[in-house]
Amino acid sequence: MRAIYEKYAEELDALKASGNLRTLSSGLHEGRWILSGGQRMLNLSSNDYLGLASDTALMKEFREWLRDTGKQLPLSSSSSRLLTGNFGVFSALEDTLASLYGREDALVLSSGYHMNAGILPALCGKDTLILADKLVHASLIDGIRLSGARCIRYRHQDYGQLETLIEKEYSGCDRIIIVTESIFSMDGDTAPLQRLTELKRRQDKIMLYVDEAHAVGVRGERGLGLAEETGCIGDIDLLCGTFGKALASVGAYVVCDRVIKEYLVNRMRTLIFTTALPPLNMAWTLFVMERLSGFKGQRERLQRHSAQFRQALQAKGFGTPSESHIVPFIVGQAADAVLKAEDMRRKGFYVLPIRPPTVPEGTSRLRFSLTAGLTDEDMDRLCDSI
Ligand SMILES: *Cc1c(COP(=O)(O)O)cnc(C)c1O
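Add 15 to the 1-based position in the sequence shown for the numbering used here, that's all there is to it.
Given below as structure tokens:
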């Protein structure tokens, strides 16, 4: 090893010693199963919440749909959307999103990471204050850092503290952007969007930014997310979602007013300086989006599974903050979480330990993410085994 690498190697050794070393595991996918280390386990770490990513019938339907449209859809867009990469399927998808949400416009981005790393740096000025929930996703944290704006993180879901901060800081800034997730990725709890939109409506200088990465497809009558379920779509300035989880594709979107979209197109570096997504993938996203309201059966199954599992945990004396299909089982120490995950894998359930820095020290956990593809028997077995 080159001497100059030694510092990295030592750090890795320390991570290993504390149970925090991460590796890229290679499992083979087979429907709701995952094959790894000669074992077949139920995949309880997938974001394929509706089971669409492994729905072969749906993929076959897509290929037929493609053939019928007779469209030439390249596998690469070969440039940024600002140059020659803006294929027709982008506007078709954005029009569909705007019309589903009943909002002026939408902007499609290359990933949720691009979305969150790019929106705040574009929209914040030197007198902007960001108020963000303590537990927002790493991509949002990076966006906050890149924005260079002043930011205060309020205690997770502590809206009393948020209101106090607004009162105290309101007169000293041009604009406040409140940043939250709707379903939080690590605790699986849900933000009270009604309360946040009411708060915002009372003040002219507040914008609301909601990341629905885990709620899109899963919540709301038509699968548009928690904003739909709680009747808040029209009141969220930046209503964001991703295509890579329940929607079984790749990319992300923000639903917003036209002026905001136009501004982002001019100022958002993670949109301007990256190659647009491949048109073929965008067509698949459009195909899934157009059918989203029809996946109601899957949404209902997932709600049933989630309620059953949360109740099973509670019945065994394990509290969980979850109010969704993401159900953490909080163990405490990182090394214990690793052992517990290994135990579950031996029993045939593929679940991963989540450790610092992803979650706060002392709250290492197994993070179960349930999907509609799981059968009732799978769920009974899981509830018995935990
Ligand atoms: C997964 C996730 C992202 C990142 O989305 P990608 O499309 O995978 O880059 C952003 N925000 C939240 C809350 C997420 O869970």
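By construction, the Cβ of each residue, glycine as well, lies at the ideal position given by its N, Cα and C atoms. The structure displayed is predicted, hence computed values, not measured ones.
For Val274, the enclosing alpha helix (DSSP H) starts and ends at 273-282. Distance check between Ile145 and each of Arg55, Cys271, Gly187 places Gly187 closest, using alpha-carbon atoms only. Excluding residues up to 5 positions away in sequence, Arg237, Gly238 lie with their Cβ nearer than 7 Å to the Cβ of Ser308 in the same chain. Residue burial is scored here from C-beta neighbours: Arg325 has at least 16 other C-beta atoms within 10 angstroms and is therefore classed as buried.
The criterion of a C-beta distance shorter than 8 Å is not satisfied by Met283 and Leu253. Around the CB of Gln313, 16 or more other CB atoms lie within 10 Å, so the residue is classed as buried. Pro294 is a Cβ neighbour of Leu88, given a cutoff of 8 Å.
Annotation for Lys260 indicates a beta carbon within 7 Å of some heavy atom of ligand 1. By the criterion of at least three beta-carbon pairs nearer than 8 Å, the region 368-382 is in contact with the region 342-349. Going by beta carbons, Ala228 and Gly127 fall inside the 8 Å limit. The continuous alpha helix (DSSP H) containing Ser106 extends over residues 103-116. Gly235 and Glu243 do touch by the CB rule: their CB atoms are close to 3 Å apart, below 8 Å. Residue side-chain check: Tyr116 keeps its Cβ at 7 Å or more from all non-hydrogen atoms of ligand 1. For Val280, the closest alpha carbon among the candidates Leu67, Leu241, Met130, Val265 is that of Met130. Distance from the CA atom of Leu241 to the CA atom of Lys22, rounded to whole angstroms, is 45 Å.
A direct Cα-to-Cα measurement between Gly203 and Arg370 gives close to 16 Å. For Ser308, the secondary structure class from DSSP, reduced to helix, strand or coil, is helix.
Assignment of beta-bridge partners to Ala121 by DSSP yields Val270. Looking at the DSSP output, Thr143 sits in a beta bridge with Arg190.
Annotated three-state conformation of Phe77 is helix, per DSSP. In the three-state scheme derived from DSSP, where H, G and I count as helix and E and B as strand, Ser69 is classed as coil. Near ligand 1, meaning a Cβ closer than 6 Å to any of its heavy atoms, lie the following residues in chain order: Ser126, Gly127, Tyr128, Asn131, His152, Ser154, Glu196, Ser200, Asp226, Ala228, His229, Thr257, Gly259, Ala267. For Pro136, the enclosing alpha helix (DSSP H) starts and ends at 127-138.
Cα atoms of Asn58 and Glu184: separation of roughly 46 Å, rounded to the nearest angstrom. By the Cβ neighbour-count rule, Ser197 is buried, with 16 or more other Cβ atoms within 10 Å of its own.
For Glu338, the closest C-alpha among the options Gly175, Leu90, Ser200 is that of Ser200.
Taking Asp250 as the centre and dropping the five residues before and after it, the same chain places the C-beta of Thr212 closer than 6 Å to its C-beta, in chain order. For Thr111, the CB contacts under 7 Å within the same chain, skipping 5 residues up- and downstream, are Leu301, Met304, Glu305 in chain order.
Look at Ser154 here: in three-state DSSP terms it is helix. Restricting attention to alpha helix (DSSP H) runs no shorter than 4 residues, the region 232-268 encloses them at 241-244, ordered along the chain. For a cut-off of 8 Å, the C-beta gap from Lys220 to Ile191 is around 6 Å, short enough to register as a contact. Ranked by how close their Cα comes to the Cα of Leu385, the residues Gly42, Pro368, Val225, Ala261 have Ala261 in first place.
Shown here for Thr245: same chain residues with a beta carbon closer than 7 Å to its own, the five before and five after excluded, namely Leu208, Gln209 in chain order. Straight-line measurement puts the Cα of Val274 at about 47 Å from the Cα of Ala352. In this structure, Ser60 sits near Leu367, with a CB-CB distance shorter than 8 Å.
Burial check for Met297: the Cβ neighbour count within 10 Å reaches 16 or more, so the residue is buried.
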